[in-house]
Structures are given as C-alpha cells and as structure tokens.
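Chemist: Chain order of the listed sequences is C and H. Everything in the first sequence is counted per the numbering used here, starting at 1 for the first residue and increasing by one. Everything in the second sequence is counted per the numbering used here, starting at 1001 for the first residue and increasing by one. Just passing along the structure, written as structure tokens.
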Amino acid sequence: MLKVQNLTKQYEGGVQALRDVSFEVPKGQFLAVIGLSGSGKSTLLRCINRLVEPTGGKIFWNDVDVTAASEEDMRFIRRKIGMVFQHFNLVARSSVLTNVLAGRLGYVNPFWSLINKFPKSDYDKAMHELGRVSIADKAQYRADELSGGQQQRVGIARAMMQDPEMILADEPVASLDPVLAHSIMAYLEQINQEEGVTVLCSLHFLDLVHRYADRVIALNEGRLVFDGLPQEIDDQKFKDIYGRDAERVG
Amino acid sequence: MKNLKPILRSLGIGLAVIAVIIIYAFGFQVTKVNLDETRNPRRQQQLTRILRALAKPDLLTYEKEEVIVTQQFMVPCPDGGFTTPDVDRSGPYITIEPACADPRSMVTVKGFNFQPNSSGPIAFIPTSQVNLGVGDFEADANGEFTTEIRIPARPDSAVQTIRTITRTNVGAPKISKTAVDTWDKIVETVFLALLATTLGTLFAIPLSFIAAKNLMKDVKSPLISIALNLLLIPLGIFVGIQLSNYGSQIADLISRSVVGNIAGLVIAPAIAVPLVRWALPQAELTRPSPKTRILRTLGLIVSVLIGILGLQFLAKIVIQLGDFLAPKLGSFTFLGTFISDMGDILGMSIVVITAALAAGIFSSIGDRTGKLITSHVNKPAAKALSMLLSMLAGALLAVLVMQSLNWFYEFDNLAVTIYWPAVIGGAIGLVTSVRMAPKDDLPVGIVLYYIARTVFNALRSIEALVWVIVFVVWVGIGPFAGVLALSLHTIAALAKLYSEQVESILPGPMEAVTATGANRLQSIVYAVVPQIIPPYISFTMYRWDINVRMSTIIGFAGGGGIGFLLYQNINLLNYRGASLQMLAIALVVASMDYLSSRLREKAI
Chain C
1 MLKVQNLTKQ
11 YEGGVQALRD
21 VSFEVPKGQF
31 LAVIGLSGSG
41 KSTLLRCINR
51 LVEPTGGKIF
61 WNDVDVTAAS
71 EEDMRFIRRK
81 IGMVFQHFNL
91 VARSSVLTNV
101 LAGRLGYVNP
111 FWSLINKFPK
121 SDYDKAMHEL
131 GRVSIADKAQ
141 YRADELSGGQ
151 QQRVGIARAM
161 MQDPEMILAD
171 EPVASLDPVL
181 AHSIMAYLEQ
191 INQEEGVTVL
201 CSLHFLDLVH
211 RYADRVIALN
221 EGRLVFDGLP
231 QEIDDQKFKD
241 IYGRDAERVG
Chain H
1001 MKNLKPILRS
1011 LGIGLAVIAV
1021 IIIYAFGFQV
1031 TKVNLDETRN
1041 PRRQQQLTRI
1051 LRALAKPDLL
1061 TYEKEEVIVT
1071 QQFMVPCPDG
1081 GFTTPDVDRS
1091 GPYITIEPAC
1101 ADPRSMVTVK
1111 GFNFQPNSSG
1121 PIAFIPTSQV
1131 NLGVGDFEAD
1141 ANGEFTTEIR
1151 IPARPDSAVQ
1161 TIRTITRTNV
1171 GAPKISKTAV
1181 DTWDKIVETV
1191 FLALLATTLG
1201 TLFAIPLSFI
1211 AAKNLMKDVK
1221 SPLISIALNL
1231 LLIPLGIFVG
1241 IQLSNYGSQI
1251 ADLISRSVVG
1261 NIAGLVIAPA
1271 IAVPLVRWAL
1281 PQAELTRPSP
1291 KTRILRTLGL
1301 IVSVLIGILG
1311 LQFLAKIVIQ
1321 LGDFLAPKLG
1331 SFTFLGTFIS
1341 DMGDILGMSI
1351 VVITAALAAG
1361 IFSSIGDRTG
1371 KLITSHVNKP
1381 AAKALSMLLS
1391 MLAGALLAVL
1401 VMQSLNWFYE
1411 FDNLAVTIYW
1421 PAVIGGAIGL
1431 VTSVRMAPKD
1441 DLPVGIVLYY
1451 IARTVFNALR
1461 SIEALVWVIV
1471 FVVWVGIGPF
1481 AGVLALSLHT
1491 IAALAKLYSE
1501 QVESILPGPM
1511 EAVTATGANR
1521 LQSIVYAVVP
1531 QIIPPYISFT
1541 MYRWDINVRM
1551 STIIGFAGGG
1561 GIGFLLYQNI
1571 NLLNYRGASL
1581 QMLAIALVVA
1591 SMDYLSSRLR
1601 EKAI
C-alpha cells in the first residue's frame, strides 16, 4: 500500500515539478501515470524512492514514512522497490549478468560485493530472472552489445532481482518501437499478475494505458488532474490532461 | 557629424595597429632578438658542426687498423750527402725528394701502394721521438699521392724520420661504449617512470573520487556527526598507530624463531578469516538486531587486530626470505632484495593501514552515534550536545592545524600553538552550532572536494624538478629520488585528470544502482568504476610517457635516469653521445604510444 500525501517538489532554481499531489495505490495494482513531457511524472516516481528529495508532503509505504527515513532505512526501503528506466540505465561495459546481480546490492553485504562476491543463490536467481525475460543465453554478453529491447529486459531482470513489492517504471517503452513496447509491457503485466507486484508506470501512449493499466492518474504542470479508470478518459478529460490544442492519435 | 564616425573608427584601428607594433617591438627587445648573430659565419659554422654531430648518433664503432710507413730523412744535409736507403716496395712506401734538406725548406713526399682513397697525417719524428705534424695526405684511386711538406726547424746530425699513418675500419661494426651506457640508463629511466607512475596511480585513484564533484555534492552530514568525526578520527589514528606498535612488538617476540613466525602466519588467518565471514554475512535478508550488530562489530574489530598481527608476521617472514635468498640467487640477487624490500614496505604500510582502519571504524561509530542522537534524543538535549561537541571539535581542529604549522615555523609558544587556537576554534564551533539546528545537514562532501582540489593544484604547480631537489636531500642523488619526485607530481596530475573523468560519467547507471538500495561505495564500484576504466588506462599510459620525458629533466637535478647522461654529454660537448640519448628517449616514447593504443583497444 502506497500513500502519497500533498507531495510537493520545487527544484533549485524555482521549477515547481510537483504541486500538492495526493493519491493511494493498493497492493498489486497496475497504475499508469500519464501527462505531457515535463508534467512531473519522472519526478513523482523518483520522489517515491527518494532518488529525488521531495520538498514537501509525505509518502507512506506499508505504513513506513519514506520521507523521514534515514540513509540506512532507505537501503531497506529501496531494495523492495525495483525501478525500470526509459534509457535502461545499464552499465554499458559490464556483463549482463553483473548488471542483473547489481539488483541484489541492497541485500548483500557491502564488503563482499565490493570484491564482486555474491552468494551462489544470487547467481541462480539472476539466471532465473534472465530466463523469465528469455535472454538467459546473453548472460555473458556486454550490456551494450544488446539491442534496445533486450537491454530493457535486462533492466526488468535487474529490478526483479530485488524481490520487489513494487516496480517504478519511468517511461519503460518510450525509446522502443511499438512491437517491442508491447513485449516489454507484457513482461511488466506478467510480473504484476503472477507475482502480485505493484506497478507504477509512466506512459505516453493511451492505447498502452487502455491495454495494460488498472487505473490511471494524470499530471499537468505538477498537479494531479485525473484519477480514475482508463476508459473514463473521454475527449474532455483528454483536453484537461494534455491541453486545449492536443489531438488524440491513439 | 555623419562623417566623423568612420574617421574615428579609422583612427581607432590606426591606434590599435600602433599599439600592436609597440607591444611586439618591446617583445623583441625583451627577448633580445638578434638577427646579426644568426648570420655570423663563425656561429653558422658551429651550428653546422653541432647539427652534423647530432645527426650522427654515437651508436657504432669499428676496430681500427693502423698502417705506419716511415722513411729516413736528414736535416740538414750532411757533408757527404745522404741517400735514402732502399725500402720494401711490395707494401705501401713513401719517397722523399730531396732525400735531405735544410730546416724550413719544402720537400715533396710521394706515396705508393697505399689503400685506395685512404688518408691520414704526415709527421716528422725527430730523435726525441716527439710527433711533429707536418701535413695530411689523401691517396688517389690507385693508392698514390704526392704532397709538399715543410721541414721543421729541427737540425740534427743523426738520421731522423718522416712517418705516415693510415687508420682503416676493419671487421664488423661494434656497439659503442656510449650506446651501452645509454642502454643502461634508458632501462633505468623506463623503470623509474614505471615505478613513479604505479605509485602515483595507486594514490591518485582513491583521491580522484574525492575530487569529483558529482560524487561529493550529495555527501552531507549533520553537525553532530561532523563534530564527532573530527574528534574521533584523530583519536582513531592515534589508537591505530599504538595498536600497530604493540602488534609489531608481539610479532617481534614470536617471530624470533622461524617456527613461531610460520605458526603465527598460519594461525592468524585461520582465526581471522572465519571470524570475518561470521561478522560479515554475505547477505542480510532481515535487519539484524542491535545485539547481533554490536557482537558482529566486536568480532570484526578482533579479526582486524588478528589480521594486522598476521600482516606483521608476513612482513617479517618475507624480509627473512628475501635476505636468505639474495646471496644464493647469483645474478638474480635483485629478486631476493626485491622480496625483502616488499616485506619492508608491507611492514611500513601496516602502521598506515592500521591507522586508516582505526580512523575509519571510529569515524563510522561517530557517524552512527551522531545520526542516532539527531533522530532519537529530544531537541534541547540534542542542541546542547551539538554545542558541546562542536566546541570541542572546533578547538581540537584549530589546535591540530596550529601544531602542524608549528612544525614548519617553530613558534614554540604555547599561547600561539594551543591556547589561542583552542579558544578561537571552540568559539567558531559554538557559534556554528548555535546558528544551526542539530538536524541540518552540512555539505561535507563539497568542503572535502574543494580541499582536495586545492591540494592537487598546489602540488601540481610545483614542478617535479623542484621536488627532486627536496628528495635528493632526503634519499640521496639517484633514481630513487627521481621516483619519489615524479610520483608526487603524478598523484596531483592524475588525480585531477581522473576526477574529471568521474565527473563526466553517465548519471543513469549511478541512479539505477542507487535505486536498488546500494550504498554509496557499492554504487561507485558498480556504476562508476566500469565507466572510467578505459580513460584511466589511457591517462595512466600517457602519464608514464610524460614521466619518461620528465626523467630527462629530473636527471639534470640528480634524479637519475638518462637525463644525467644527457646533461653530462651536453656539458662535455659530446653531441654525438647526446644525440644517441635523445634518440633513445624518442624511441621509448614512440613505442609507449604504440603500446598504449593497443592496450586501450583491448580495454574499451
């Protein structure tokens, strides 16, 4: 259960990215976050695991106040929240296996991980997660030798290494072609339905939202302007979210 | 009015041109540009000589064969006249016409059967056997020559001699002595540069992370933690040094016998390794209870202590092994000496390692305590504690700073070195803590970043040539002083270059790894290090190349390497030798360029 209360973020320099955003996400939901570029979607997702420090409001996750957590507490909170990125954010020169194992860093003792020593069970788990996204055969490849779709699958495997209860997906398919987009979304859906992992996913295309999301929230200039079911987005709501001059394409 | 603007503009341009002319004229005068000298024939001749010498590096020599041909001669003609005795005409011979002559008169010397195109000096040898040069000859393609010489004023009643000498190269060319010396020194130079680069790199890598803004800007700590750190780190260093001294004494005692030493070497890791494994479990699926955590910390400290003792044993046994092997290895004695030196270096580093470890442990205790206080103690109490601790920390810091200044300037005045700094530092600490809430984070990272940058800039602006003078005083003239001087400069230069690479990494992977719950050190190892390996390799190789070239300069100041030889040869006007040494440097630099590009290809 994720509760976001009056979340506000003002960047240094005065840009107001989030204004008083409040919503709740029950466990196991697939929530889509939509809005124009710059509407605050990425900031919202990054505030939840405090990659970005909120300037106001509170976030409760499983009744723990994330905004008040110490650096050490954050380690235990973050390791249960996987994250998937638009640009995959893999370490290009490391092997796929190392990239996936990095998902385990919140669990292993820092000392042993510094000398690249992971428990045997983590290696098995890494191979299992790579198998789930069907690229187990690429484990020893360098990450930058993989295609975009494959890299994003490594990103998902890395997130799944964390045994997450929630996955934050920041426009996971925005740099992929439509066919690949569906395959990546299908993996997220599978994880959501089979493992009961809560998914918060920011998306650009409404057809993806209709196809995969249980619920949608929309941001416009940092304000929450819509919270409801995907099919409730009619033409009026669409204009509220994307502005007067926007045209529906999908 | 309309016409005035273009006129003013032309005037401005005219003035600017005049100003430029004046600037360059002054520049010519200051740098003493003298074109007459460049046209001076004497200077041109010297220049030609030097350039020709430089174009002929002193690499090969030949075995010389001397052919001496003599002919009897009388000065002046005796009463009965003088006839040249018959000579063997099968080999080279000379004839003189006339066979006798007055002092200072001209005679004709003819040579036959000489080596075609050979040449050499002609000398007049009086009875005193002094060699008086009277001219040179050059044989033609038939091995014959005719030349006129002037007889010196050496009248004598006895028969004197006229002699020619030809020197010819025989046999295969041989490596000259200069070449052998140059080889010795260029090897020394390459290894000097290698050691300096290695040493510099070892220190520069960790320092470069401190000097990288993107890593340091988020490092923040509450005032209480900082104050505790400032108090505990010096204490930690002190405790560490004490501990390593005790360890050294205990190890000394046990390692008197080789058996005890080996037993210690086996037992220490046998205890320490399992203890570390217990204290640092591979994965923490649940948060450990406070009791387990304290027990684990204690276990870790004990294993570190045992580990240090083990290192002491290792250092001692390595020294013994090296000393034992050195005399037995014949021409590989240097391997034994190296092993012994490694043991010595290990022994010396133990103090540093222990001090750093103890400081690290104390600092992390301070950090945790500080964070515990800020989050668990009520506000007034936290404020009071913060004020007290910051005051103490400020006082301690000021006293330590003044004590180290005292080492340089020898104030030797307690008021200057202890009382006043304590009061002022304490006051600054107090004011800071009063003005700040205990929970407010201070940007420690950025402060450390600026300190590191300043130190690097200062170190870098002092050239290795200057450092070499300092180190020559410390360790004596020779390549070791050069290694130390170049290392110091390498640390500062590489740390700067490295840190700029760290600053230019892609932030995405760092973000992703942080999001998994990795701590700062883990994210550096998993997200930063893989990205910086190729630039680090190329910078290190380039630095090695710079160090090879720098070693020509530091050799001038007694830092060893090929520079010493080059300097000597230039002073002795032996340009052919100097030329060979410059050639050697160029070859080394070129081959290192090739090597580094190959290495980079592999690493990217």
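Just so you know, even glycine gets a beta-carbon here, dropped at the ideal spot from N, CA and C.
Residues of chain H with CB under 8 Å from G103 of chain C, in chain order?
Modeler: Numbered from its first residue, the first sequence carries residue 103 of chain C at position 103. Those within 8 Å of G103 of chain C in chain H are T1516.
Chemist: How far does the alpha helix (DSSP H) with K1383 of chain H in it reach, from first residue to last?
Modeler: In the second sequence, residue 1383 of chain H corresponds to position 383, counting from 1. That run of the alpha helix (DSSP H) goes 1379-1409.
Chemist: Taking just the CA atoms, how far does L1004 of chain H sit from L1011 of chain H?
Modeler: For this step, residue 1011 of chain H is matched to residue 11 along the second sequence. For this step, residue 1004 of chain H is matched to residue 4 along the second sequence. Roughly 10 Å between the two C-alpha positions.
Chemist: Report the neighbours of S147 of chain C on chain H: residues whose CB is nearer than 7 Å to its CB, in chain order.
Modeler: Within the first sequence, residue 147 of chain C is the residue found at index 147, counting from 1. Here the premise fails: no neighbours, minimum Cβ distance about 18 Å.
Chemist: N1214 of chain H and V1502 of chain H - do their beta-carbons sit closer together than 8 Å?
Modeler: Stepping through the second sequence from its first residue, residue 1502 of chain H is reached at position 502. Stepping through the second sequence from its first residue, residue 1214 of chain H is reached at position 214. Taking 8 Å as the Cβ cut-off, V1502 of chain H and N1214 of chain H qualify as a contacting pair.
Chemist: For chain C, find out if any of its Cβ atoms is closer than 8 Å to the Cβ of K1371 of chain H; answer yes or no.
Modeler: Taking the first residue of the second sequence as 1, we reach residue 1371 of chain H at position 371. Closer than 8 Å: yes.
Chemist: Are the C-beta of E1503 of chain H and some C-beta of chain C separated by less than 8 Å?
Modeler: For the purposes of this step, residue 1503 of chain H is taken as residue 503 along the second sequence, with counting starting at 1. False, the Cβ-Cβ gap to chain C never drops below 8 Å.
Chemist: Could you tell me the distance, in whole angstroms, from the CA atom of V1266 of chain H to the CA atom of S1433 of chain H?
Modeler: Taking the first residue of the second sequence as 1, we reach residue 1266 of chain H at position 266. Taking the first residue of the second sequence as 1, we reach residue 1433 of chain H at position 433. Spanning the two alpha carbons is a distance of roughly 51 Å.
Chemist: Name the one or two DSSP bridge partners that L200 of chain C has.
Modeler: Residue mapping note: residue 200 of chain C aligns to position 200 of the first sequence, counting from 1. Per DSSP, C:L31, C:L168.
Chemist: Using 8 Å as the limit for Cβ to Cβ distance, is G106 of chain C near chain H?
Modeler: Position 106 of the first sequence holds residue 106 of chain C. Chain H contact via Cβ: present.
Chemist: Under 8 Å, Cβ to Cβ, is there at least one residue of chain H near P110 of chain C?
Modeler: As a first step, residue 110 of chain C must be located in the first sequence, where it is residue number 110. Yes, contact with chain H.
Chemist: Counting along the chain, where does the alpha helix (DSSP H) carrying S251 of chain C start and finish?
Modeler: Absent from the model: residue 251 of chain C. The displayed extent of chain C is 1 to 250, so no value can be given.
Chemist: To the nearest angstrom, how far is the alpha carbon of Q1403 of chain H from that of I1418 of chain H?
Modeler: The count along the second sequence starts at 1 and reaches residue 1403 of chain H at position 403. The count along the second sequence starts at 1 and reaches residue 1418 of chain H at position 418. Approximately 8 Å between the Cα atoms of the pair.
Chemist: Contact criterion: CB-CB distance below 8 Å. Does E1410 of chain H meet it with respect to chain C?
Modeler: Sequence index remark: in the second sequence, residue 1410 of chain H carries index 410 (1-based). No, its Cβ sits nowhere closer than 8 Å to a Cβ of chain C.
Chemist: Output yes if chain C places a C-beta closer than 8 Å to the C-beta of A1382 of chain H; else output no.
Modeler: The residue labelled residue 1382 of chain H in the question sits at position 382 within the second sequence. Not one chain C Cβ lies under 8 Å of A1382 of chain H.
Chemist: Between H:I1546, H:K1602, H:A1019, which has its C-alpha nearest S1589 of chain H's C-alpha?
Modeler: Reading the second sequence from its first residue, position 589 is the one you call residue 1589 of chain H. Contrary to the premise, residue 1589 of chain H reads as Val rather than Ser in this sequence. With distances taken between Cα atoms, V1589 of chain H lies closest to H:I1546.
Chemist: Run down chain D in chain order and give the residues with a C-beta less than 7 Å from the C-beta of Q1568 of chain H.
Modeler: Looking at the structure shown, chain D is missing, and the protein chains on hand are C and H.
Chemist: Relative to chain H, which residues along the region 52-81 of chain C have a C-beta separation below 7 Å, given in chain order?
Modeler: The residues in question are S70, R75, F76, R78, R79.
Chemist: For G1609 of chain H, decide whether its Cβ has a neighbour in chain C, counting only Cβ atoms nearer than 8 Å.
Modeler: Past the edges of chain H, shown from 1001 to 1604, lies residue 1609 of chain H, and the structure says nothing about it.
Chemist: Along the alpha helix (DSSP H) that carries K125 of chain C, what are the first and last residues, could you check?
Modeler: Taking the first sequence and counting its residues from 1, one reaches residue 125 of chain C at position 125. 120-132 is the span of the alpha helix (DSSP H), which, as asked, contains K125 of chain C.
Chemist: Contact between the region 1099-1117 of chain H and the region 1144-1153 of chain H: three or more CB pairs below 8 Å?
Modeler: Taking 8 Å as the limit for Cβ pairs, the verdict is that the region 1144-1153 of chain H does touch the region 1099-1117 of chain H.
Chemist: Which class does Q1249 of chain H belong to by DSSP, given the choice of helix, strand or coil?
Modeler: On the second sequence, residue 1249 of chain H is found 249 positions in, with the first residue counted as 1. In this structure, Q1249 of chain H counts as helix in the three-state DSSP scheme.
Chemist: Let me check one thing: in DSSP terms, what residues is C1100 of chain H bridge-paired to?
Modeler: What you label residue 1100 of chain H is simply residue 100 of the second sequence in a count that begins at 1. According to DSSP, which records beta bridges pairwise, C1100 of chain H is partnered with H:M1074.
Chemist: Figure out for me which residue from C:Q231, C:L224, C:Q236, C:G243 has the closest Cα to the Cα of D20 of chain C.
Modeler: For the purposes of this step, residue 20 of chain C is identified with residue 20 of the first sequence, where counting begins at 1. Ranking C:Q231, C:L224, C:Q236, C:G243 by Cα distance to D20 of chain C puts C:L224 first.
Chemist: Alpha carbon to alpha carbon, how far is M160 of chain C from F88 of chain C? Give it in angstroms, no decimals.
Modeler: Along the first sequence, read from residue 1 onward, the residue named residue 88 of chain C stands at position 88. Along the first sequence, read from residue 1 onward, the residue named residue 160 of chain C stands at position 160. For F88 of chain C and M160 of chain C, the distance between alpha carbons rounds to 14 Å.
Chemist: Would the beta-carbon of I1532 of chain H fall within 8 Å of that of I1505 of chain H?
Modeler: Here residue 1532 of chain H is taken as the residue at index 532 of the second sequence, counted from 1. Here residue 1505 of chain H is taken as the residue at index 505 of the second sequence, counted from 1. A contact, by the Cβ cut-off of 8 Å.
Chemist: Using a threshold of 8 Å, state whether the C-beta atoms of Q152 of chain C and P178 of chain C are closer than that.
Modeler: Within the first sequence, numbered from 1, the residue matching residue 152 of chain C stands at position 152. Within the first sequence, numbered from 1, the residue matching residue 178 of chain C stands at position 178. No, they are not a contact pair.
Chemist: Could you pull out every residue in the same chain whose Cβ sits closer than 6 Å to the Cβ of A1212 of chain H, ignoring the five residues on either side in sequence?
Modeler: Looking up residue 1212 of chain H in the second sequence gives position 212. Cβ within range, chain order: S1499, V1502, E1503.
Chemist: Is the shortest distance between the beta-carbon of L90 of chain C and the beta-carbons of chain H less than 8 Å?
Modeler: Mapped onto the first sequence, residue 90 of chain C falls at position 90. So yes, L90 of chain C belongs to the interface.
Chemist: I need the boundaries of the alpha helix (DSSP H) containing S1375 of chain H, first residue and last residue.
Modeler: Here residue 1375 of chain H refers to the residue found at position 375 of the second sequence. Its alpha helix (DSSP H) spans residues 1333-1376.
Chemist: Compare the C-alpha of L1076 of chain H against each of H:R1368, H:V1020, H:A1019, H:Q1160 and name the closest.
Modeler: Mapped onto the second sequence, residue 1076 of chain H falls at position 76. Residue 1076 of chain H is actually Pro in this sequence, not Leu. Measuring from the Cα of P1076 of chain H, the nearest candidate turns out to be H:Q1160.
Chemist: Grouping DSSP H, G and I as helix and E and B as strand, with all else coil, what is G57 of chain C?
Modeler: Within the first sequence, residue 57 of chain C is the residue found at index 57, counting from 1. G57 of chain C: strand per DSSP, three-state reduction.
Chemist: In chain order, what residues of the same chain have a beta carbon less than 6 Å from the beta carbon of T1061 of chain H, not counting five sequence neighbours either side?
Modeler: Counting from 1 along the second sequence, the entry for residue 1061 of chain H is found at position 61. Closer than 6 Å at Cβ, skipping near neighbours: K1174, S1176.
Chemist: State the start and end residues of the unbroken alpha helix (DSSP H) segment that holds A1123 of chain H.
Modeler: In the second sequence, counting from the first residue as 1, residue 1123 of chain H sits at position 123. Careful: A1123 of chain H lies outside any alpha helix (DSSP H), inside the beta strand (DSSP E) at 1119-1125.
Chemist: In chain order, what residues of the same chain have a beta carbon less than 8 Å from the beta carbon of P1327 of chain H, not counting five sequence neighbours either side?
Modeler: On the second sequence, residue 1327 of chain H is found 327 positions in, with the first residue counted as 1. The residues are T1333, G1336.
Chemist: Between the region 1375-1387 of chain H and the region 1340-1360 of chain H, do three or more beta carbon pairs fall short of 8 Å?
Modeler: Too few Cβ pairs lie closer than 8 Å, so no.
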